[in-house]
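The next block holds one structure in the form of structure tokens; read it before the comments.
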Amino acid sequence: MPGHDDRYIEITTRLRSVRSFCDFLSQGGIVRVALKDGAPYKDVTAALLERKRKEADALDRTRRRLYPELSDEEVMPPLYSRH
Numbered sequence: 574m575p576g577h578d579d580r581y582i583e584i585t586t587r588l589r590s591v592r593s594f595c596d597f598l599s600q601g602g603i604v605r606v607a608l609k610d611g612a613p614y615k616d617v618t619a620a621l622l623e624r625k626r627k628e629a630d631a632l633d634r635t636r637r638r639l640y641p642e643l644s645d646e647e648v649m650p651p652l653y654s655r656h
């Protein structure tokens, strides 16, 4: 895999990050945004979770296509500790 290490690491790190964020949202994390200054906050958690799951699936497919010999490698543990 020489010459491809950086791209593999980039994809795997991004996949790990997106999956961790999905786990956070699935375990009760909430995302709210205001559509404009002074507007009330709107809960966008469900839509964001769906979008991030699709992103994780796309990253996983890309990694499998580009690195089939490493595609089943587990991308855990999470990037961040739970302190």
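Take the sequence shown: its letters are residues 574 to 656, numbered as in the working numbering. The beta carbon of each residue, even a glycine, is placed where N, CA and C say it ideally should be.
Pick from the options that is closest to residue i, judged by C-alpha positions
| i | options | result |
| --- | --- | --- |
| Y614 | Q600, R605 and L622 | R605 |
| C595 | Y640, K627 and L622 | L622 |
Contacting residues, own chain, Cβ-Cβ under 7 Å from residue i (five flanking each side not counted)
| i | result |
| --- | --- |
| D633 | L588 |
Backbone CA spacing between residue i and residue j [nearest angstrom]
| i | j | result |
| --- | --- | --- |
| I603 | R636 | 29 Å |
| F597 | A629 | 14 Å |
| E583 | S593 | 15 Å |
| T586 | D610 | 34 Å |
| A631 | D578 | 19 Å |
Burial state of residue i, where buried means 16 or more other Cβ atoms lie within 10 Å
| i | result |
| --- | --- |
| A619 | exposed |
| A607 | exposed |
Close Cβ partners of residue i (< 6 Å) along its chain, the five nearest in sequence each way excluded
| i | result |
| --- | --- |
| D616 | R605 |
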